[in-house]
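What follows is one structure encoded as structure tokens, with my remarks underneath.
Number of protein chains: 2
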Amino acid sequence: MPDSFDRIAVLGLGLIGGSIVQALARGGYQVSGYDPDPVEAAAARGTGYTVAASAAEAVADAELIVLAMPLPHLEGALIAIDHAVAPGTVVTDVGTLKEPVLQAVRRRLPGVRFVGGHPLAGTEQSGFLAGDPLLFRDAPWALTLEPDTDLQAWLSLAVLLCDLGAKPVPTTAAEQDAAIARVIGLPHMLAEALALTGLRGGELGLSLAAGSYTSGSRVARTRPELVATWCDGNPAMVSALDDVIAWLSAGRDALAAGSTVLPLAEAGHRARMDWENREFDPVDLPADAETLRQHGREGGWITAVIEKDGPKIGELRLLGMRPVR
Amino acid sequence: MPDSFDRIAVLGLGLIGGSIVQALARGGYQVSGYDPDPVEAAAARGTGYTVAASAAEAVADAELIVLAMPLPHLEGALIAIDHAVAPGTVVTDVGTLKEPVLQAVRRRLPGVRFVGGHPLAGTEQSGFLAGDPLLFRDAPWALTLEPDTDLQAWLSLAVLLCDLGAKPVPTTAAEQDAAIARVIGLPHMLAEALALTGLRGGELGLSLAAGSYTSGSRVARTRPELVATWCDGNPAMVSALDDVIAWLSAGRDALAAGSTVLPLAEAGHRARMDWENREFDPVDLPADAETLRQHGREGGWITAVIEKDGPKIGELRLLGMRPVR
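Top to bottom, those sequences are chains A and B.
Under this note's numbering, residues 1483 to 1807 are what the first sequence spells out, in order.
Under this note's numbering, residues 1483 to 1807 are what the second sequence spells out, in order.
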């Protein structure tokens, strides 16, 4: 079996980092947190969790380091722990975009074994006290597997995530960022644009706004600087926006010509219902990087890492689920 | 006080019509329903409601007729009841767009006193058995007041709606349709476009889709033919779509130039929070059509119709709420 992690450091104790600390402690892991914000540090310490006095102290003898600070603080955190991290230590993160983190870690901590991570979980709240040890139950969790990623480190992290109840999705940084543009960046941009456009119809429209405006603009509640870090610098956002603008323009032109939006509504309805009604089959996979990446590409995730039966004792296989074709 | 309605006919026993029948019966009104679909008629009859054998029978001695059939069936229903409706009968409807209904009733039933209505309530379900007598509690309900609308009929309907727990919003057909474009038509178009664009990122994106994709595409679950009847033929949809496309194009160009979407995210966030955090003041209004229309235009609604104190016994005033400026 892949190594498990006896000592884990979590840097950043906001909603996600705090939830990871709580989930790990609940799972019996030895975990030490750190946050430069004394409020978050005190919240974690005050509820019984171990909080180090500095980032360097937190990571000093950790076998796994989880980077859970906001993206703009990443570079500074890497500089702060540079001298304290042993070569070969496994490092992961929880950021929405994976390319910027991959590049920063390659530049600042070239000796570690890095595996990018992105849990698809969250609430509209923030801070350690909003954390929830069950936040990651059944949540997809992108886990990057580049050509130079250490497969053993990847498998160890996959085991850990399954233990937290999450669904590890094997992918590359570039592929996850392209996918995320369409299902995270884009819905946020549409919510912002809807909130604004609804407003321009005046007070009457706002008093008549009902369920569709409410749910369509819901994520415009998210802090704007977070939305910007999820969109800015992601090249796939431009083509995702081009696509959505093309659909909307086709609808606009149909209406202007006295025609109907029915074809768009039918296609959109079918897309949504197909997505909701997907069914999944169990699948058994070898511990092979390209096989795993292809599994993620096809919409699959991992449910367990187990030892293979038969003559080759110690060889691993992975259990997973994938969409029925 | 305005007349109350002793006998009410509701034509169309789907989700909205069925909920109106149930709410009226619960409020002690004498109500008779009709639906050409034997399934809906049987559902209503089987749960103890009065269902007529034909539309003409339902409306024969009604003082108020509620048209609650889908828009494509409206014209046929008006022809079916034409000979059975007494001149001066009050007629209302529940459709999303008010201009097409106003025009059809003017053409087909010129002798009635028509007041267009649009309850901003609903669920993703349909049919009589999905109905709920409390569906309209606290729901805005647009109630059209054209220059030629009978003010007494309008006031009688406002009293009825307040009695059902709804919030009557005085407006005109044209103004409500323009407002609705931005807060109903547009959110549906955006949901359809998001559902489709998310799909084009492949299976990986769909397995990583989380809360923002789910809530953003939620109303793409609506039956496509309904979405088309809410958008098609509404001239305000074109400028609403132009606005949203302009916002999205600005975001797209910022990203393509290596800049940030932060200004859009900040403006959208502010718009959503301002909408959520609106506060309202009570207001006292005369029973004057232009005053009422202006009240609706400014985001207000009616909470009660009462008799004025003082020397002019029998004169009415309206209590309402309006946004704090």
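Backbone N, C-alpha and C fix where the C-beta goes; we use that ideal spot for every residue, glycine too.
The structure presented is a predicted model; accordingly, all values stated were derived computationally and were not measured.
Counting C-beta atoms within 10 angstroms of its own C-beta, GLU1628(A) has 16 or more neighbours from the protein chains shown and is therefore classed as buried. A distance of 8 Å or more separates the beta carbons of GLY1698(A) and PRO1622(B). Partner residues in a beta bridge of ALA1739(B), as assigned by DSSP, do not exist. Contact with chain B is found for THR1742(A), since one of that chain's Cβ atoms lies less than 8 Å from the residue's Cβ.
Here VAL1743(B) is near GLY1733(B), since their CB atoms are less than 8 Å apart.
Excluding five sequence positions before and after ASP1645(B), the CB atoms of its chain that fall closer than 8 Å to its own CB belong to GLY1509, given in chain order. Think of a sphere of 9 Å around the beta carbon of TRP1636(A): no beta carbon from chain B falls inside it, the nearest being about 17 Å out. When the beta-carbon positions are compared, PRO1652(A) and HIS1777(A) come within less than 8 Å of each other. At a cut-off of 8 Å between C-beta atoms, CYS1644(B) does not count as an interface residue with respect to chain A. Ranked by Cα distance from GLY1499(B), the first of TYR1511(B), ARG1489(B), PHE1487(B) and TYR1516(B) is TYR1516(B).
Here SER1501(B) is buried. Its C-beta has 16 or more other C-beta atoms within 10 Å. Take the alpha-carbon of LEU1617(B) and the one of LEU1690(A): they are about 15 Å apart.
A contact is defined here as three or more CB-CB pairs under 8 Å, and the stretch 1703-1717 of chain B fails this definition with respect to the stretch 1761-1779 of chain A. By the 16-neighbour rule on beta-carbons within 10 angstroms, ASN1759(B) is exposed.
By the neighbour-count criterion, in which a residue is buried when 16 or more other Cβ atoms sit within 10 angstroms of its Cβ, GLY1558(B) is exposed. Fully contained in the stretch 1552-1603 of chain B are the following alpha helix (DSSP H) runs of length 4 or more, in chain order: 1556-1563 and 1581-1590.
With fewer than 16 other beta carbons inside 10 angstroms of its own, VAL1521(A) counts as exposed. Comparing C-alpha distances from GLY1599(B) to each of PRO1582(B), PRO1615(B) and GLY1609(B) shows the shortest one belongs to PRO1582(B). In this structure, the straight-line span from the alpha carbon of ASN1716(B) to that of LEU1708(B) is close to 14 Å. The Cβ of HIS1670(B) sits closer than 8 Å to at least one Cβ of chain A. Every alpha helix (DSSP H) stretch that sits fully inside the stretch 1694-1741 of chain B and reaches 4 residues is listed by chain position as 1706-1713 and 1718-1738. Among the bridge pairs identified by DSSP, MET1803(A) is matched with PRO1764(A) and TRP1783(A). Remark: C-beta atoms of ALA1562(A) and ALA1537(A) approach each other more closely than 8 Å. Ranked by how close their Cα comes to the Cα of GLY1577(A), the residues PRO1518(A), ALA1655(A), ALA1568(A) and TYR1511(A) have ALA1655(A) in first place. Interface flag for GLU1748(A) against chain B is set, since a Cβ pair is found closer than 8 Å. With the criterion set as a beta carbon lying under 8 Å from some beta carbon of chain B, the members of the stretch 1706-1717 of chain A are PRO1706, GLU1707, VAL1709, ALA1710, CYS1713, ASP1714, GLY1715 and ASN1716, in sequence order. THR1679(B) belongs to the set of residues whose beta carbon lies under 8 Å from a beta carbon in chain A.
Chain B has a Cβ within less than 8 Å of the Cβ of ARG1664(A). Taking 8 Å as the cut-off, the Cβ atoms of LEU1497(A) and GLY1593(A) do not count as close.
The alpha-carbon of GLU1539(A) is positioned some 18 Å away from that of ARG1590(A). For ALA1624(A), the enclosing beta strand (DSSP E) stretches over residues 1622-1626. Boundaries of the alpha helix (DSSP H) around SER1501(A): 1497-1508. Ranked by Cα distance from THR1773(A), the options GLN1512(A), LEU1633(A), MET1755(A) and ASP1485(A) are led by LEU1633(A).
Taking C-beta atoms as the reference points, GLU1545(B) and PHE1596(B) fail to come closer than 8 Å. Secondary structure note for GLN1634(B): its alpha helix (DSSP H) is the uninterrupted segment 1633-1645. Counting only the Cα atoms, VAL1806(B) lies some 17 Å from ARG1754(B).
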